Structures are given as structure tokens and as C-alpha cells.
Amino acid sequence: MNSTSKEIIKLLKKVTATGHSQSQIFDDWLEITHLSLEALPKIAQAYSKGETYTDPPEVAEVFKRVQFRYGTSFELLKQAFAILIQSCSRSQVFFGNENGIPGDTSPDTLGEVYMEFGLPSKYTGQFFTPWPIAQFMALASMKDVENEVHERIKEACNKDVFAQALLAASMVIRDGKEAGQFFFGTLLPYIARRTKEQVEPDQKLRSHYMRLIWAIRS
Numbered sequence: 001m002n003s004t005s006k007e008i009i010k011l012l013k014k015v016t017a018t019g020h021s022q023s024q025i026f027d028d029w030l031e032i033t034h035l036s037l038e039a040l041p042k043i044a045q046a047y048s049k050g051e052t053y054t055d056p057p058e059v060a061e062v063f064k065r066v067q068f069r070y071g072t073s074f075e076l077l078k079q080a081f082a083i084l085i086q087s088c089s090r091s092q093v094f095f096g097n098e099n100g101i102p103g104d105t106s107p108d109t110l111g112e113v114y115m116e117f118g119l120p121s122k123y124t125g126q127f128f129t130p131w132p133i134a135q136f137m138a139l140a141s142m143k144d145v146e147n148e149v150h151e152r153i154k155e156a157c158n159k160d161v162f163a164q165a166l167l168a169a170s171m172v173i174r175d176g177k178e179a180g181q182f183f184f185g186t187l188l189p190y191i192a193r194r195t196k197e198q199v200e201p202d203q204k205l206r207s208h209y210m211r212l213i214w215a216i217r218s
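Going by the UniProt record's numbering, the final residue of the sequence shown carries number 218, and the count climbs one at a time with no gaps.
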């Protein structure tokens, strides 16, 4: 288990002092994490226009409910989210930190937290597909990956001058690792909201990692 997962689990375990079950705590944390990540591009867009972003009523209600449920321990959920975000900085999962030192951050942090803290039921088959298996499934089922990714990136950049500039910049970086960091850490996050969602070709393959691996593969 990587250090990020351990830090998150340590914080979530402290939340159990509120009397709620681990599965309930994990579900609530996952829900506010999902909503927070979904809002990030909207917050950035509002900020770029000098505006203040306001959550839709239904989202605000979720945060109000979770905050009421955990009281002051809600701060621990926020800290766990911050650790998760920090672990994704500078594409450390794939390229290491700014000094080129590989970290132990796994692409499957949420899966590790779920399996260790979320109390999955092995009797009903509740588990996160291990990263190597998900990667194999993706590679085995997806054809012409490089061309597909290229076309989607080109389409996403087509009507955005800044995105085109980022793409051009990524192509002139000579150092392979530096180019990879720029591509995953700068270009892809910027164009993500403009990229068409990928639907798995086989609905039996319901891995949470399929879309991510598709991009990593290329």
C-alpha cells in the first residue's frame, strides 16, 4: 500500500470517533471528493473571469448534509481530499517528483483505501480491479489506441488557441520525461473538459481505470 493511501486511511479512521461506520464514512468522503473534482474546472473558469463560483443547490445540500453528520470531523475529510489531490501533482504516479525520484503513489489509491477501509464484501465480489489486471484488460480490448487518442486530442484543441499552443509546446520539449510531465500535468488537464467521453467497447469490462489506461497506453 502506498503512503498516500496510508495517510488517507489514518485520517478516515479518526472520523470513526463520530460513531459512523467505515463504509458510511468512505461513501460520504467519496461523494464529496467526486463533487469537488467535478467542480474544479468550473471554479477555475469562474476565477478566470473574475467571478465567484457557487455550487448548485443539490450539490450544496450534499455538503451541508455531510458536514452536519460529522461536525468538526468534517475537517478530516477535507484533509484526506487535499492529500489525494497533492498525490496527483506533477504526474508523480508516472514520472516521479521534480527531482526525478519516483514516488510510491499508486494509480489505484482509491482502490487501496476502499479495500482497506471501505469494508468491501468479498462474498459478493466487491473489490477494485487490481491495476495490472485493469491495464491488461484495456490493452486486450482496445484497438488502434494511438490514433484514437491522437484524434481526440486534436479535436479538443481544434477550437482553442491556448490548447493549440500547449500542444505545440509539448512537441518541442526534447527531454522525454519532461515532455511527459508537461503532457500529463498541463495539457491533458486543460483539454479534459473538451474531450469526448470514451465508452468501453465491451460493457462487461467495467473497470474504473479503462479510460485512464487508454490515455496512458499511448
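C-beta: ideal position from N, C-alpha, C; glycine also. All figures in this text were calculated on a predicted structure; none of them were measured in a lab.
Buried or exposed for residue i, please, with buried defined as at least 16 other CB atoms from any protein chain shown within 10 angstroms of its CB.
i: K49; result: exposed
i: C157; result: buried
i: E112; result: buried
i: D108; result: buried
i: I133; result: exposed
i: M171; result: exposed
i: Q135; result: buried
i: A17; result: exposed
i: F68; result: exposed
Assign residue i to one of three DSSP states: helix, strand, or coil.
i: N158; result: coil
i: S21; result: coil
i: G185; result: helix
i: P132; result: helix
i: L119; result: coil
i: D55; result: coil
i: K49; result: coil
i: M137; result: helix
i: I173; result: coil
i: residue 247; result: The requested residue 247 does not occur in the structure, where the chain is confined to residues 1 to 218.
i: E200; result: Legend: pLDDT at E200 = 42, less than 50; position of this residue unreliable, no value from coordinates given.
For the candidate residues the options, whose alpha-carbon lies nearest to that of residue i?
i: F63; options: L40, Y47, S36; result: S36
i: P56; options: Y47, A39, T72; result: A39
i: K159; options: E116, M1, Q45, I191; result: I191
i: G71; options: V172, T54, P41, H20; result: H20
i: K6; options: L188, A80, P41; result: A80
i: T129; options: S141, M115, M142; result: M115
i: E31; options: I173, W131, R65, D144; result: R65
i: I25; options: A82, F74, E61; result: F74
i: E155; options: A60, E61, N2, L188; result: L188
Output yes or no for whether 9 Å exceeds the beta carbon distance between residue i and residue j.
i: D28; j: G118; result: no
i: I153; j: L139; result: no
i: F182; j: A169; result: yes
i: L84; j: I9; result: no
i: L110; j: L11; result: no
i: K13; j: Q22; result: yes
i: T52; j: A44; result: no
i: S87; j: T4; result: yes
i: M142; j: E148; result: yes
i: I173; j: A179; result: yes
Looking at the secondary structure, which residues open and close the alpha helix (DSSP H) in which residue i lies?
i: K143; result: Element bounds for K143: n/a, residue is neither H nor E.
i: S87; result: 74 to 87
i: T4; result: 3 to 15
Cβ of residue i versus every heavy atom of the ligand FMN: is any distance shorter than 8 Å?
i: T72; result: The ligand FMN is absent from the structure shown, which contains no ligand whatsoever.
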